[in-house]
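Inspection log for the structure reproduced underneath, given as structure tokens.
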């Protein structure tokens with residue numbers, strides 16, 4: 159009979175050229191950073207954290223970075239040296255706003271216990287200098303609290319909460335912030351709160367009821383410039399366009415639906431729309447669109463030779479740069495790409511279970527940065543009308559938004575590295 163107690167652990171075979179930094183003291187070894195995202199709907203949180211991780215790799219000395227998240231699609235992305243990931247058992251947020259395990263037939267309670275235990279074990283073993291949490295101060299259903307308690311007792315790591323510029327309708331965000339005890343959570347555990355946006359788009363202190371202590375921790379970083387790590391490579395882009403079947407010199411309209419789990423209606427309307435003469439269309443479905451919906455779109459393409467269907471691109475920026483017009487949902491990452499490249503865009507936002515995308519689209523439209531179509535007015539004819547409209551060259555955006563988040567976040571991490579203070583008394587924010 160196999161006896162685990164009497165079976166010694168095998169000794170690892172180490173690469174003789176590998177140099178460990180474990181012997182260094184915490185003051186001299188490379189910084190260890192954890193980026194956490196709960197990832198219950200779409201890929202936005204994970205993609206944002208991965209982009210931030212790539213930005214932080216430019217620090218000197220280069221840090222070690224661990225991504226912890228609930229999107230197994232993380233494995234489809236190229237992870238640079240210096241970054242690794244821990245994928246949690248996945249949660250799924252349905253269109254009715256209710257949560258359940260994405261794949262496992264177990265109770266939600268058991269799933270959350272598994273996730274909380276995995277997070278704490280990983281963080282305790284890794285012993286980070288910085289935890290950067292995306293959006294949810296205590297994690298999904300409080301799964302991060304045991305880890306935050308451990309880090310607070312250690313009194314070593316800095317903890318930062320990162321928030322997109324718009325959470326939801328103010329009344330809804332205020333209620334959720336209060337019910338979940340987020341003001342107390344931030345005051346207890348977090349040193350700073352970074353807003354990934356421009357203060358002229360949203361005022362979270364006024365709109366969401368942040369306490370004075372939370373407001374004192376707030377720092378606006380600007381939006382994430384998603385093109386910062388992607389230099390133009392004409393040869394690689396030509397190869398990509400050839401693989402997709404895009405002819406050279408032909409105008410192109412791009413339809414983006416984020417991760418794709420609720421983007422079928424927009425993609426179908428785009429497929430049915432009459433494009434301007436000579437224009438080709440590309441639909442980027444995202445990896446979370448149901449296989450049956452992707453198949454339905456593929457079937458529609460059989461008698462529409464001007465359309466192309468792409469299920470997934472790790473980096474859609476080259477395709478968006480190639481586009482003459484973009485029709486998209488209004489998720490944070492997609493909007494950052496549109497703003498970075500200054501594309502002519504029509505946003506068709508999600509309105510359930512949150513109205514975050516609708517509010518973002520409305521405010522950007524009001525500043526002249528994009529056009530917007532409410533999803534209840536979505537139709538192939540409406541999309542065709544917008545595509546056929548000649549852009550007004552005299553129409554200029556009312557403001558130039560701050561797109562400097564990646565540089566700003568790197569600067570903030572450098573500042574945190576040397577900042578000593580008591581969390582409850584003196585947040586390290588100028």
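Numbering (the working numbering), first residue to last: 159 to 588.
Yeah, the Cβ is synthetic: ideal placement off N, Cα and C, and Gly gets one too.
Model, not experiment: these values are computed from the prediction.
- Query: For residue 470, which residues of its own chain have a beta-carbon under 6 Å away from its beta-carbon, when the five flanking residues on both sides are left out?
  - Reply: The sequence position of residue 470 within the chain shown is 312, counting from 1. Listed in chain order, the non-local C-beta contacts of residue 470 below 6 Å within the same chain comprise 445, local neighbours out to five positions each way being set aside.
- prompt: So, residue 427 versus residue 541, is the Cβ gap smaller than 7 Å?
  reply: Position 269 of the chain shown, counted from the start, is the residue given in the question as residue 427. Position 383 of the chain shown, counted from the start, is the residue given in the question as residue 541. It is a contact, given that the beta carbons lie within the stated cut-off.
Residue 558, DSSP secondary structure in three states: One-based indexing of the chain shown puts residue 558 at position 400. In the structure shown, residue 558 falls within a coil segment according to DSSP collapsed to helix, strand and coil.
Using beta-carbon positions only, say whether residue 272 and residue 304 come within less than 7 Å of one another. What you label residue 272 is simply residue 114 of the chain shown in a count that begins at 1. What you label residue 304 is simply residue 146 of the chain shown in a count that begins at 1. A distance of 7 Å or more separates the beta carbons of residue 272 and residue 304.
(message) Does residue 251 come out as helix, strand or coil in the three-state DSSP assignment?
(response) Taking the first residue of the chain shown as 1, we reach residue 251 at position 93. In this structure, residue 251 counts as strand in the three-state DSSP scheme.
Exercise for the section: Decide if the segment 396 to 415 is in contact with the segment 471 to 489; the criterion is three or more beta carbon pairs, one per stretch, under 8 Å apart. Expected result: The segment 396 to 415, when compared against the segment 471 to 489, does touch it at the 8 Å Cβ threshold.
For the segment 342 to 422, which segments carrying the beta strand (DSSP E) assignment without a break, of at least 3 residues, lie completely within its bounds, in sequence order? Annotation note: the segment 342 to 422 contains the following uninterrupted beta strand (DSSP E) runs of length 3 or greater, listed N- to C-terminal: 350 to 354, 376 to 378 and 410 to 414.
>> Tell me the residue span of the alpha helix (DSSP H) that contains residue 307.
In response: Working through the chain shown from its first residue, we reach residue 307 at position 149. For residue 307, the enclosing alpha helix (DSSP H) has its first and last residue at 303 to 312.
Review point. At a cut of 8 Å, does the segment 500 to 520 reach the segment 322 to 342 through at least three beta carbon pairs?
Key: The segment 500 to 520 vs the segment 322 to 342: in contact.
Hey, is the segment 453 to 468 in contact with the segment 489 to 497, meaning 3+ C-beta pairs nearer than 8 Å? The segment 453 to 468 is not in contact with the segment 489 to 497.
request  = Taking residue 436 as part of the alpha helix (DSSP H), name the residues at either end of that continuous run.
outcome  = Counting from 1 along the chain shown, the entry for residue 436 is found at position 278. No alpha helix (DSSP H) holds residue 436; DSSP gives it neither H nor E.
- Residues of its chain near residue 181, where Cβ-Cβ distance is below 8 Å and the 5 sequence neighbours each way are ignored: The residue given as residue 181 occupies position 23 in the chain shown. Note that residue 181 scores a pLDDT of 44, beneath 50, so its modelled location is shaky and nothing firm can be said.
Tell whether a beta-carbon distance below 7 Å holds between residue 415 and residue 404.
Position 257 of the chain shown, counted from the start, is the residue given in the question as residue 415. Position 246 of the chain shown, counted from the start, is the residue given in the question as residue 404. Against a cut-off of 7 Å, the Cβ pair of residue 404 and residue 415 comes out as no contact.
- Query: Once you ignore the five residues that flank residue 287 on each side, which residues in its own chain have a CB closer than 6 Å to its CB?
  - Reply: Translated into the one-based positions of the chain shown, residue 287 becomes position 129. For residue 287, the CB contacts under 6 Å within the same chain, skipping 5 residues up- and downstream, are 189, 190 and 315 in chain order.
Own chain, CB closer than 6 Å to residue 359, minus 5 neighbours either side, in chain order:
As a working note, residue 359 is residue 201 in the chain shown. Annotation for residue 359: 323 and 521 place their beta carbon closer than 6 Å to its own, counting only its chain and skipping 5 residues before and after.
Any idea which residues DSSP pairs residue 565 with across the strands?
Along the chain shown, one-based indexing puts residue 565 at 407. Beta-bridge pairing links residue 565 to no other residue.
(request) Confirm, please, whether the CB-CB distance from residue 383 to residue 564 is below 7 Å. (result) One-based indexing of the chain shown puts residue 564 at position 406. One-based indexing of the chain shown puts residue 383 at position 225. Against a cut-off of 7 Å, the Cβ pair of residue 383 and residue 564 comes out as a contact.
Q) With residue 226 and residue 211 assumed to form a contact (beta carbons below 8 Å), what rounded beta-carbon distance in angstroms separates them? A) Translated into the one-based positions of the chain shown, residue 226 becomes position 68. Translated into the one-based positions of the chain shown, residue 211 becomes position 53. With a contact defined as Cβ atoms closer than 8 Å, residue 226 and residue 211 miss out at about 11 Å.
For residue 195: DSSP bridge partner residues: Here residue 195 refers to the residue found at position 37 of the chain shown. Answer by DSSP bridge pairing, in chain order: 227.
Per the contact definition of three or more C-beta pairs closer than 8 Å, is the segment 337 to 352 in contact with the segment 292 to 301?
Short answer: they touch.
Let's see if you can read the secondary structure: which residues bound the beta strand (DSSP E) around residue 594? Outside the displayed span of the chain (159 to 588) sits residue 594, for which this structure offers no information.
Inter-residue spacing [alpha-carbon to alpha-carbon] between residue 459 and residue 429:
Stepping through the chain shown from its first residue, residue 459 is reached at position 301. Stepping through the chain shown from its first residue, residue 429 is reached at position 271. Approximately 8 Å, taken between the alpha carbons.
Do you know whose CA, among 260, 453, 269 and 277, lies nearest residue 244's CA? Taking the chain shown and counting its residues from 1, the one referred to as residue 244 is at position 86. Checking every option, the nearest Cα to that of residue 244 belongs to 277.
I'd like to check one pair, residue 379 with residue 418: are the Cβ atoms closer than 7 Å?
By one-based count along the chain shown, residue 418 stands at place 260. By one-based count along the chain shown, residue 379 stands at place 221. Residue 379 sits away from residue 418, with the two beta carbons spaced by 7 Å or more.
Reference residue 284; option with closest CA among 192, 206, 256 and 572: As a first step, residue 284 must be located in the chain shown, where it is residue number 126. The alpha carbon of residue 284 has as its nearest neighbour, out of 192, 206, 256 and 572, the alpha carbon of 192.
Under 7 Å between the Cβ atoms of residue 375 and residue 350?
Locating residue 375 in the chain shown gives position 217, where the first residue counts as 1. Locating residue 350 in the chain shown gives position 192, where the first residue counts as 1. Their beta carbons are under 7 Å apart, which means residue 375 touches residue 350 by this criterion.
*CB residue 546 to CB residue 434, shorter than 7 Å?*
Taking the first residue of the chain shown as position 1, residue 546 is located at position 388. Taking the first residue of the chain shown as position 1, residue 434 is located at position 276. In this structure, residue 546 places its C-beta atom within 7 Å of the C-beta atom of residue 434.
Do residue 292 and residue 195 have their C-beta atoms within less than 7 Å of each other? Along the chain shown, one-based indexing puts residue 292 at 134. Along the chain shown, one-based indexing puts residue 195 at 37. When the beta-carbon positions are compared, residue 292 and residue 195 come within less than 7 Å of each other.
Does residue 411 get closer than 7 Å to chain B when you measure Cβ to Cβ?
Chain labels in this structure do not include chain B; a single protein chain is all it has.
Quiz item: In three-state terms, what does DSSP make of residue 535?
Solution: Along the chain shown, read from residue 1 onward, the residue named residue 535 stands at position 377. It is helical.
Unbroken alpha helix (DSSP H) run spanning residue 221, endpoints: On the chain shown, residue 221 is found 63 positions in, with the first residue counted as 1. First-last for residue 221: undefined, no H or E at that position.
Less than 7 Å between the C-beta atoms of residue 249 and residue 228, yes or no? Your numbering for residue 249 matches position 91 in the chain shown. Your numbering for residue 228 matches position 70 in the chain shown. For the 7 Å CB-CB criterion, residue 249 and residue 228 form a contact.
Host alpha helix (DSSP H) of residue 480 (start-end): Position 322 of the chain shown, counted from the first residue, corresponds to residue 480. Counting along the chain, residue 480 sits inside the alpha helix (DSSP H) bounded by residues 475 to 480.
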